[in-house]
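A short worksheet on the structure shown next.
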Amino acid sequence: MALDVLGINLSISTMDEMDLPQMKNEVESLKYQLAFKREKSSKTVNDLVKWIEDCIHEDPFLNPELMKNNPWVEKGKCAIL
Amino acid sequence: MGEMEQLRKEAESLKDQISAARKAVHDVTLPEIVSGTAVVGRVQLKTRKTLRGHLAKIYAMHWGTDSKLCVSASQDGKLIVWDSYTTNKVHAIPLKSSWVMTCAYAPSGNMVACGGLDNMCSIYNLKGKDGNVKVMRELAAHTGYLSCCRFLNDSEIITSSGDCTCALWDIETGTQKTIFSGHMGDCMSLAVSHDFNMFISGACDYTAKLWDIREGACRQTFGGHESDINAIGFFPNGNAVLTGSDDGTCKMYDLRADQELITYQDPSIMCGVTSLAPSLSGRLILAGYDDFNCNIWDSLKAERVGVLAGHDNRVSCIGVTPDGMAACTGSWDSFLKIWN
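As you go down the protein sequences, you meet chains Z and W in turn. Its first residue numbered 109, the first sequence is counted upward by one per residue in our numbering. Its first residue numbered 78, the second sequence is counted upward by one per residue in our numbering.
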């Protein structure tokens with residue numbers, strides 16, 4: 109039986125395999141993870157999209173201008189007649 | 078109630094609270110935000126070079142920081158450092174154990190590392206005084222195979238292992254400074270953040286974990302995959318994590334909102350993801366699959382916009398140069414290809 113859809117998908121059977129010290133560590137870890145300061149998706153997703161949009165013109169796979177000097181393509185001295 | 082039962086209940090309660098905290102900040106989805114954005118045009122990358130020389134399956138490759146040299150590892154028992162511009166082999170390093178699963182290039186360019194079924198991480202000094210490449214250290218302590226390793230600098234390296242732990246090592250003394258425990262399955266892959274303060278690990282417990290290197294603690298755990306996570310990487314801005322799984326999908330997780338953002342999947346894809354790498358802007362995600370191909374995804378629209386076809390066997394590893402100018406794929410067909 110899965111515990112959660114939005115995040116941690118550890119099934120009950122996985123927890124069954126833990127011994128006592130592991131279980132104690134798991135509980136401590138979960139307390140630490142719960143304390144994380146989550147930011148609103150409306151802020152984080154918009155920031156992410158904006159960051160990508162600002163960087164696209166510097167992305168050689170998306171801006172052919174940047175690939176004009178391609179180090180992996182030989183600038184041969186031969187011309188095709 | 079026994080102590081175990083009490084702890085179990087406490088763990089379940091904490092997971093419910095984390096789930097609730099995630100729901101509380103979930104006020105938009107990525108598809109909503111980009112509904113008006115067009116999919117990028119078809120991306121056609123060509124093979125510019127083929128690196129020939131390995132005699133067996135290639136399991137791993139890693140670019141050097143100069144975006145020119147790269148190292149590859151094959152089960153022919155060799156690590157090869159290539160000049161990708163000329164296809165020349167700068168170093169061909171014979172390994173003690175041919176069962177290698179990972180390799181890494183130090184940011185300084187001074188060292189490479191590898192490891193595998195020998196459960197060790199071997200560090201090689203490329204800049205020895207007499208010009209010969211020799212083993213500098215053998216980092217032994219893991220009780221399972223070495224699946225991945227990444228240098229922080231010339232004195233520290235992080236490893237992930239089939240023993241379900243990751244570790245931070247002091248290369249000079251050959252000892253583990255920190256052990257990162259928490260995964261309940263083999264750790265398959267790791268990636269270090271650009272500021273070298275954090276790393277992420279993907280495991281056979283279907284989760285990815287974000288670790289604080291100096292605190293030695295797991296900050297966040299991401300689930301959702303339905304099988305082993307084989308590949309993991311940071312999004313270029315450091316605020317998201319990319320994963321690739323045996324369930325045939327890749328996912329992006331938002332670190333700041335602590336939750337899954339989007340899944341990259343297609344009903345026609347019925348095999349596992351072996352490797353992945355984002356382009357420089359992160360708009361494209363290159364993912365290698367068991368079916369010999371590499372798909373190029375539009376990371377915002379979650380649509381396939383290109384394919385790298387050319388290998389005759391599984392694509393086992395992929396890497397984009399730090400300057401974003403090329404991608405390298407390594408395959409079980411024993412070749413590496415440079416694409417742009």
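We treat Cβ as the ideally placed atom computed from N, Cα and C, and that holds for glycine.
For residue i, the three-state DSSP class (helix, strand or coil)
i: residue 109(Z); result: Confidence in residue 109(Z) is poor, its pLDDT being 35 and thus under 50, which makes the residue's placement unreliable; the coordinate value appears in the next sentence. Three-state DSSP puts residue 109(Z) in coil, outside helix and strand.
i: residue 305(W); result: coil
i: residue 202(W); result: strand
i: residue 151(Z); result: helix
i: residue 164(Z); result: helix
i: residue 288(W); result: strand
i: residue 144(W); result: coil
i: residue 222(W); result: coil
i: residue 352(W); result: strand
i: residue 124(Z); result: helix
i: residue 146(Z); result: coil
i: residue 157(Z); result: helix
i: residue 133(Z); result: helix
i: residue 343(W); result: coil
i: residue 102(W); result: helix
i: residue 81(W); result: helix
i: residue 115(W); result: coil
i: residue 107(W); result: helix
i: residue 89(W); result: helix
i: residue 174(Z); result: helix
i: residue 194(W); result: coil
i: residue 138(Z); result: helix
i: residue 477(W); result: Outside the shown range of chain W (78 to 417) lies residue 477(W), about which nothing can therefore be said.
i: residue 462(W); result: What the structure shows of chain W is the stretch from 78 to 417, and residue 462(W) is not part of that stretch, so it cannot be assessed.
i: residue 264(W); result: strand
i: residue 258(W); result: coil
i: residue 137(W); result: strand
i: residue 120(W); result: coil
i: residue 150(W); result: strand
Residue nearest to residue i in terms of C-alpha spacing, selected from the options
i: residue 152(Z); options: 336(W), 275(W) and 255(W); result: 336(W)
i: residue 330(W); options: 344(W), 98(W) and 297(W); result: 297(W)
i: residue 299(W); options: 339(W), 201(W), 269(W) and 272(W); result: 339(W)
i: residue 405(W); options: 212(W), 346(W) and 135(W); result: 135(W)
i: residue 158(W); options: 105(W), 189(W) and 253(W); result: 189(W)
i: residue 251(W); options: 267(W), 263(W) and 233(W); result: 233(W)
i: residue 155(W); options: 192(W), 127(W), 183(W) and 161(W); result: 192(W)
i: residue 320(W); options: 214(W), 184(W) and 304(W); result: 304(W)
i: residue 180(Z); options: 273(W), 293(W) and 164(W); result: 164(W)
i: residue 243(W); options: 267(W), 121(W) and 371(W); result: 267(W)
i: residue 115(W); options: 375(W), 413(W) and 412(W); result: 375(W)
i: residue 342(W); options: 326(W), 183(W) and 349(W); result: 326(W)
i: residue 383(W); options: 209(W), 110(W), 217(W) and 356(W); result: 356(W)
i: residue 255(W); options: 264(W), 245(W), 263(W) and 313(W); result: 245(W)
i: residue 172(W); options: 150(W), 230(W), 312(W) and 257(W); result: 150(W)
i: residue 137(W); options: 289(W), 185(W), 328(W) and 181(W); result: 181(W)
i: residue 126(Z); options: 372(W), 373(W), 102(W) and 260(W); result: 260(W)
i: residue 362(W); options: 370(W), 353(W), 369(W) and 368(W); result: 353(W)
i: residue 388(W); options: 380(W), 414(W), 377(W) and 87(W); result: 414(W)
Residues bridged to residue i (per DSSP)
i: residue 214(W); result: 200(W)
i: residue 228(W); result: 234(W)
i: residue 170(W); result: 156(W)
i: residue 126(W); result: 415(W)
i: residue 189(W); result: 182(W) and 201(W)
i: residue 246(W); result: 234(W) and 253(W)
i: residue 418(W); result: With chain W represented from 78 up to 417, any question about residue 418(W) goes unanswered, as that position is not in the structure.
i: residue 165(W); result: 160(W)
i: residue 297(W); result: 287(W)
i: residue 395(W); result: 406(W)
i: residue 381(W); result: 374(W)
i: residue 277(W); result: 268(W) and 287(W)
Below-9 Å beta-carbon distance, residue i vs any chain B residue
i: residue 291(W); result: No chain B appears in this structure, whose protein chains are Z and W.
Worksheet item: Relative to chain W, which residues along the segment 138-164 of chain Z have a C-beta separation below 7 Å, given in chain order?
Response: 138, 139, 140, 141, 142, 144, 146, 147, 148, 149, 150, 152, 153, 154, 156, 157, 159, 160, 163 and 164
Item to complete: Specify whether the segment 214-223 of chain W and the segment 276-293 of chain W touch according to this definition: at least 3 beta carbon pairs, one from each stretch, less than 8 Å apart.
Response: no
Item to complete: Would you list, in chain order, the members of the segment 88-99 of chain W that have their beta-carbon closer than 8 Å to a beta-carbon of chain Z?
Response: Cβ contacts with chain Z come from 88, 89, 91, 92, 93, 94, 95, 96, 98 and 99.
Worksheet item: If you measure beta-carbon to beta-carbon, which residues of the segment 333-355 of chain W are closer than 8 Å to chain Z?
Response: 333, 334, 335, 336, 337 and 338
Worksheet item: Which residues, in chain order, does the segment 302-321 of chain W contribute to contact with chain Z at a C-beta distance below 9 Å?
Response: 302, 303, 312, 313, 314, 316 and 317
Discussion item. I want to know whether the segment 236-246 of chain W touches the segment 186-206 of chain W - three or more CB-CB distances under 8 Å.
Written reply: yes
Worksheet item: Is there contact here, the segment 146-162 of chain Z with the segment 98-112 of chain W, by at least three beta-carbon pairs under 8 Å?
Response: In this structure the segment 146-162 of chain Z lies against the segment 98-112 of chain W, because at least three pairs of beta carbons, one per stretch, are closer than 8 Å.
Worksheet item: Which residues, taken in chain order from the segment 178-202 of chain W, show a beta carbon closer than 8 Å to some beta carbon of chain Z?
Response: none
Discussion item. Taking 8 Å as the cut-off, does the segment 391-411 of chain W touch the segment 137-148 of chain W (at least 3 CB pairs, one atom from each stretch)?
Written reply: Touching, yes.
Discussion item. With a threshold of 8 Å, are at least 3 pairs of Cβ atoms found where one atom belongs to the segment 86-96 of chain W and the other to the segment 126-144 of chain Z?
Written reply: As far as the Cβ criterion goes, the segment 86-96 of chain W touches the segment 126-144 of chain Z, which means the pair count is three or higher.
Worksheet item: Is there contact here, the segment 80-88 of chain W with the segment 306-325 of chain W, by at least three beta-carbon pairs under 8 Å?
Response: no
Worksheet item: Three or more beta-carbon pairs under 8 Å between the segment 389-396 of chain W and the segment 114-131 of chain W, yes or no?
Response: no
Worksheet item: Taking any Cβ of chain Z, which residues in the segment 125-151 of chain W have a Cβ under 8 Å from it, in chain order?
Response: Residues passing the 8 Å Cβ filter: 125, 126 and 145.
Item to complete: Please list the residues of the segment 353-381 of chain W that have a C-beta atom closer than 7 Å to any C-beta atom in chain Z, keeping them in chain order.
Response: 356, 357, 358, 359, 360, 361 and 377
Worksheet item: Along the segment 168-183 of chain Z, what residues have a CB closer than 8 Å to any CB found in chain W?
Response: 168, 169, 170, 174, 175, 178, 179, 180 and 181
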